[in-house]
Amino acid sequence: MTVAPNKIARRAFIAELLRHRGQALVATGLGSATWDCFAAGDSPEYLYSWGGMGLAVPTALGLALAQPGRRVLAITGDGEMMMGLGSLAVVGDQAPKNFAVLVLDNETFGETGRQRGLSAGRVDIAAVAKAVGFCDVMTVTEQGATAALGRFLFAQPGPVLAVAKIAITEDPWALPEKDGATLAHRFRTALGLEQA
Amino acid sequence: MSSPVSNWSLDVFRAIQARNITLVCTVPDGGLSNLLDLIEADDKIRLVTLSTEEEGIGITAGCWLGGRRAMIAMQSSGVGNCINALGLPLAYRAPCLMLVTMRGQWGEFNPWQVPMGQAAKPALEAMGVRCFPVERPEEVGETFAAAADLAFNSRTSAAVLVSQRIIGAKGFGQK
């Protein structure tokens with residue numbers, strides 16, 4: 000399924016969505032998903048990444064299995080998700096109730112020059128997730144869908160996955176700390192696992 | 000289990016329990032079957048079956064970031080799938096503990112296994128993983144324990160490479 004041209008402006012959409020997160024932990028895939036969360040207002044409960052393409056869902060899954068009492072949301076892009084598509088089957092098999100995935104789908108490789116992505120055509124990431132055992136999936140195409148999307152991602156029994164069909168936009172740079180050890184220390188300190 | 004449990008598998012299993020490693024990711028290998036059976040039968044250890052080995056690198060890093068000790072068990076061919084992913088635990092300075100059963104070295108029957116079997120150790124070392132090859136079954140348990148302690152205490156990546164000599168070459172019914 001393709002919805003074009005996509006209308007959702009990613010930065011405002013993510014900022015509005017994250018107002019609904021409550022106590023949820025957020026792990027982001029490399030590139031724009033990381034910039035969007037940082038631009039929305041930094042938090043030590045956000046785990047950023049700057050690399051490891053394809054590992055956003057596995058990393059967030061590990062986090063969810065380590066923190067069963069906390070909601071965990073992975074936010075990533077369509078290209079990053081396609082590289083780790085098999086990991087959706089691992090999530091489906093493990094079936095963590097506290098786990099959600101949001102794919103920001105602009106149907107392009109945005110960071111590298113907006114080359115066409117696989118989700119631009121016949122590939123439906125939400126349908127894949129449903130087929131590999133996610134409890135529920137949804138596709139969002141409207142800017143105003145954040146309240147319903149927030150309930151879906153942060154409260155509905157998981158694993159759940161949503162695809163947001165986002166527009167191709169030119170956004171100002173918003174780059175968080177990039178030293179991984181610093182990010183890990185900050186995150187683990189927020190969880191009470193390390194001393195500040 | 001149809002065959003007796005190998006002593007080295009039991010030694011590794013006990014070292015896993017003693018170090019409070021409570022999640023094991025795997026793409027199975029014949030050489031790991033005894034250990035995986037022991038893990039599956041233990042309700043304190045979660046067995047996570049992967050679609051490809053690099054997922055385990057993300058999952059174990061995510062577990063550590065959330066306060067849980069995890070590891071990955073795989074065949075040497077899976078090492079090749081992990082190369083780019085191995086940058087992630089290095090960047091976070093997260094521990095990464097791998098148990099690798101080797102193919103493509105001691106009496107290998109299948110030529111398709113040889114290239115990655117030969118490249119597994121140098122490829123891991125190129126990505127900053129400390130490698131601990133083991134040639135004798137009685138040394139697997141203590142080597143695994145030492146590698147696990149190194150990985151978790153000094154927050155580094157460590158791989159125990161269990162020689163095909165220990166596991167035995169798969170003969171496909173031929174000699």
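In the order they appear, the protein sequences are chains L and X.
Each residue of the first sequence is one higher than the one before, starting from 0 at the first, in numbering that gives the first Met the number 0.
Each residue of the second sequence is one higher than the one before, starting from 0 at the first, in numbering that gives the first Met the number 0.
We treat Cβ as the ideally placed atom computed from N, Cα and C, and that holds for glycine.
* To do: Name, please, each residue of chain X whose Cβ falls closer than 8 Å to the Cβ of L:Gln-142.
  => In the first sequence, the residue the question calls residue 142 of chain L occupies position 143. The premise fails here: L:Gln-142 is roughly 31 Å from chain X at the closest Cβ pair, so nothing lies under 8 Å.
* **is_contact[X:Ala-93, chain L] using C-beta, thresh 9 Å** => In the second sequence, the residue the question calls residue 93 of chain X occupies position 94. Cβ-Cβ to chain L under 9 Å: yes for X:Ala-93.
* Within 9 Å (strictly less), CB to CB, does X:Gly-82 reach chain L? -> Indexing the second sequence from 1 puts residue 82 of chain X at position 83. Correcting the residue type first, residue 82 of chain X is Ile in the shown sequence and not Gly. It does not: the Cβ of X:Ile-82 has no partner Cβ on chain L nearer than 9 Å.
* Examine chain L for any beta-carbon lying closer than 9 Å to the beta-carbon of X:Met-0, and answer yes or no. => Walking along the second sequence from the start, residue 0 of chain X turns up at place 1. With a pLDDT of only 44 at X:Met-0, under 50, the local geometry of the prediction cannot be trusted, and the value read off the model is given with reservation. No, no contact with chain L.
* Asked: For chain X, is any of its Cβ atoms less than 9 Å away from the one on L:Pro-57?
  -> Residue 57 of chain L sits at position 58 when you count from the first residue of the first sequence. Yes, L:Pro-57 counts as interfacial toward chain X.
* Cα separation between L:Gly-109 and X:Arg-154? -> As a first step, residue 109 of chain L is located in the first sequence; it is residue number 110 there, counting from the start. As a first step, residue 154 of chain X is located in the second sequence; it is residue number 155 there, counting from the start. Straight-line Cα distance between these residues: approximately 34 Å.
* **Three-state secondary structure assigned by DSSP to X:Ala-158** => Numbered from 1 along the second sequence, position 159 holds the residue referred to as residue 158 of chain X. Here X:Ala-158 sits in strand by DSSP.
* **Meets three-Cβ-pair contact criterion under 8 Å: the stretch 49-67 of chain X and the stretch 106-122 of chain X** => Short answer: they don't touch.
* **Nearest residue (CA-CA) to L:Ala-8, options L:Thr-145, L:Gly-191, L:Leu-190** => Counting from one through the first sequence, the residue named residue 8 of chain L turns up at place 9. Nearest of L:Thr-145, L:Gly-191, L:Leu-190 to L:Ala-8, Cα basis: L:Thr-145.
* Asked: Since X:Leu-49 meets chain L, which of its residues come closer than 7 Å, beta carbon to beta carbon?
  -> For the purposes of this step, residue 49 of chain X is identified with residue 50 of the second sequence, where counting begins at 1. In chain order: Val-89.
* To do: Could you have a look at L:Ile-124 and say whether DSSP puts it in helix, strand or coil?
  => Taking the first sequence and counting its residues from 1, the one referred to as residue 124 of chain L is at position 125. Reduced to three states, the DSSP call for L:Ile-124 is helix.
* **X:Thr-142, enclosing alpha helix (DSSP H) - first and last residue** => For the purposes of this step, residue 142 of chain X is taken as residue 143 along the second sequence, with counting starting at 1. Per DSSP, X:Thr-142 belongs to the alpha helix (DSSP H) from 139-153.
* To do: Mind checking the stretch 62-75 of chain X against chain L and listing, in chain order, the residues whose C-beta falls within less than 7 Å of any C-beta there?
  => Cys-62, Leu-64, Gly-65, Gly-66, Arg-67, Ala-69
* chain X contact for L:Met-52 (CB, 9 Å cutoff) -> Along the first sequence, one-based indexing puts residue 52 of chain L at 53. Chain X, which has a Cβ nearer than 9 Å to the Cβ of L:Met-52, makes this yes.
* With which residues is X:Ala-69 paired in a DSSP beta bridge? -> Along the second sequence, one-based indexing puts residue 69 of chain X at 70. Answer by DSSP bridge pairing, in chain order: X:Leu-22.
* Could you tell me whether any non-hydrogen atom of the ligand NAD is closer than 8 Å to the CB of X:Ala-125? => With respect to the ligand NAD, the structure shown offers nothing to examine, as it has no ligands at all.
* Starting from L:Arg-187 and walking both ways along the alpha helix (DSSP H), at which residues does that stretch end? -> Locating residue 187 of chain L in the first sequence gives position 188, counting from the first residue. Taken as a continuous stretch (DSSP letters only), the alpha helix (DSSP H) holding L:Arg-187 covers 179-189.
* **Rounded straight-line distance, which links the Cα of L:Val-162 to that of L:Met-80** => For this step, residue 80 of chain L is matched to residue 81 along the first sequence. For this step, residue 162 of chain L is matched to residue 163 along the first sequence. Their backbone Cα atoms lie some 11 Å apart in a straight line.
* **is_contact[X:Thr-59, chain L] using C-beta, thresh 9 Å** => Within the second sequence, numbered from 1, the residue matching residue 59 of chain X stands at position 60. Closer than 9 Å to some Cβ of chain L, the Cβ of X:Thr-59 qualifies, so yes.
* Asked: Based on Cα-Cα distance, which residue from X:Val-99, X:Pro-88, X:Asp-42 lies nearest to X:Val-159?
  -> One-based indexing of the second sequence puts residue 159 of chain X at position 160. Per the Cα distances, X:Val-99.
* Rounded C-alpha distance that separates L:Leu-117 from L:Asp-104 -> Taking the first sequence and counting its residues from 1, the one referred to as residue 117 of chain L is at position 118. Taking the first sequence and counting its residues from 1, the one referred to as residue 104 of chain L is at position 105. Between L:Leu-117 and L:Asp-104, the C-alpha separation is close to 10 Å.
* Thinking just about the alpha-carbon of each residue, which of X:Phe-108, X:Leu-87, X:Arg-102, X:Ala-14 is nearest to the one in X:Asp-28? -> Taking the first residue of the second sequence as 1, we reach residue 28 of chain X at position 29. Closest by alpha carbon: X:Arg-102.
* X:Gly-86 touches chain L at which residues, Cβ-Cβ below 7 Å? -> One-based indexing of the second sequence puts residue 86 of chain X at position 87. Taking the beta carbon of X:Gly-86 as reference, the chain L residues within 7 Å of it are Gly-50, Gly-51, listed in sequence order.
* Interface residues of chain X around L:Gln-194 at Cβ under 8 Å? -> As a first step, residue 194 of chain L is located in the first sequence; it is residue number 195 there, counting from the start. Result: empty, since nearest Cβ-Cβ is about 14 Å, beyond 8 Å.
* Could you check if L:Asn-28 is buried or exposed, using at least 16 other CB atoms within 10 Å of its CB as the buried criterion? => Taking the first sequence and counting its residues from 1, one reaches residue 28 of chain L at position 29. The sequence given here has Gly at residue 28 of chain L, not Asn. Buried.
* CA nearest to the CA of X:Met-115, picked from X:Pro-132, X:Cys-95, X:Asn-80 -> Indexing the second sequence from 1 puts residue 115 of chain X at position 116. Of the listed residues, the one whose Cα sits closest to X:Met-115 is X:Asn-80.
* Hey, how far is the Cα of X:Thr-48 from the Cα of L:Leu-54? -> Locating residue 48 of chain X in the second sequence gives position 49, counting from the first residue. Locating residue 54 of chain L in the first sequence gives position 55, counting from the first residue. Approximately 16 Å between the Cα atoms of the pair.
* With DSSP as the reference, label L:Ile-13 as helix, strand or coil. => Walking along the first sequence from the start, residue 13 of chain L turns up at place 14. Look at L:Ile-13 here: in three-state DSSP terms it is helix.
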